[in-house]
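Remarks on the structure that follows.
In my numbering, the protein residues as written are 302 to 457.
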């Protein structure tokens, strides 16, 4: 999909600038975005609509500190499901609110998840729920030298 928006002109310099601005602050008004990239608000709205329709822009999000919501512990959970349990692990991850991210990966494990939990006891409960479906490995996050950041944009 990355090459298609480039071919059909969606990732021209103006749209790349719009995406940069939105990645830095998704709350900017259309008028402010227009000022920053040299377009009218209606022109910005039209370009953003095309980018959304093409799947380049997939949503707008607020970054919230999990600790402010009472989730003081972050963890990484890897799981190697038992035979025929891959779908069950994916389903459980989707329905578990403490799972912030879940990725199917290659290698010894099949899934890597980022969790937000209140404490070690809640982490243990989650590990037990996933361990029913296979072997788990857990790491507690200490710091995040590189927090979640936007995807790099293509150059000229």
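Ideal Cβ placement from N, Cα and C applies to all residues, glycine included.
Residues near residue i in its chain [Cβ-Cβ closer than 8 Å; skip 5 each side]
| i | result |
| --- | --- |
| residue 318 | 337 and 338 |
Close Cβ partners of residue i (< 7 Å) along its chain, the five nearest in sequence each way excluded
| i | result |
| --- | --- |
| residue 303 | With a pLDDT of 48 at residue 303, under the threshold of 50, the modelled position of that residue is not reliable, and the figure given next carries that caveat. Cβ within range, chain order: n/a, list empty. |
Of the residues the options, the one placed nearest residue i, counting alpha carbons only
| i | options | result |
| --- | --- | --- |
| residue 374 | 438, 334, 415 and 454 | 415 |
| residue 424 | 333, 320 and 440 | 440 |
| residue 402 | 419, 436, 391 and 420 | 391 |
| residue 417 | 333, 370 and 356 | 370 |
| residue 354 | 394, 311, 364 and 329 | 311 |
| residue 444 | 362, 327, 368 and 395 | 368 |
| residue 412 | 328, 432 and 363 | 432 |
| residue 393 | 314, 430, 404 and 329 | 430 |
| residue 419 | 361, 372, 410 and 456 | 372 |
Own chain, CB closer than 6 Å to residue i, minus 5 neighbours either side, in chain order
| i | result |
| --- | --- |
| residue 331 | 342, 345 and 346 |
| residue 435 | 380, 381, 382, 383 and 386 |
Residue burial classification, residue i (beta-carbon count within 10 angstroms, cutoff 16)
| i | result |
| --- | --- |
| residue 316 | buried |
| residue 447 | exposed |
| residue 406 | exposed |
| residue 399 | buried |
| residue 452 | exposed |
| residue 376 | buried |
| residue 437 | buried |
| residue 396 | exposed |
Bridge partner(s) assigned by DSSP for residue i
| i | result |
| --- | --- |
| residue 404 | 413 |
| residue 382 | 435 |
| residue 375 | 417 |
| residue 441 | 376 |
Cβ separation of residue i and residue j, assumed to be a contact under 8 Å, to the nearest whole Å
| i | j | result |
| --- | --- | --- |
| residue 378 | residue 320 | Contact doesn't hold; Cβ gap of about 32 Å is too wide. |
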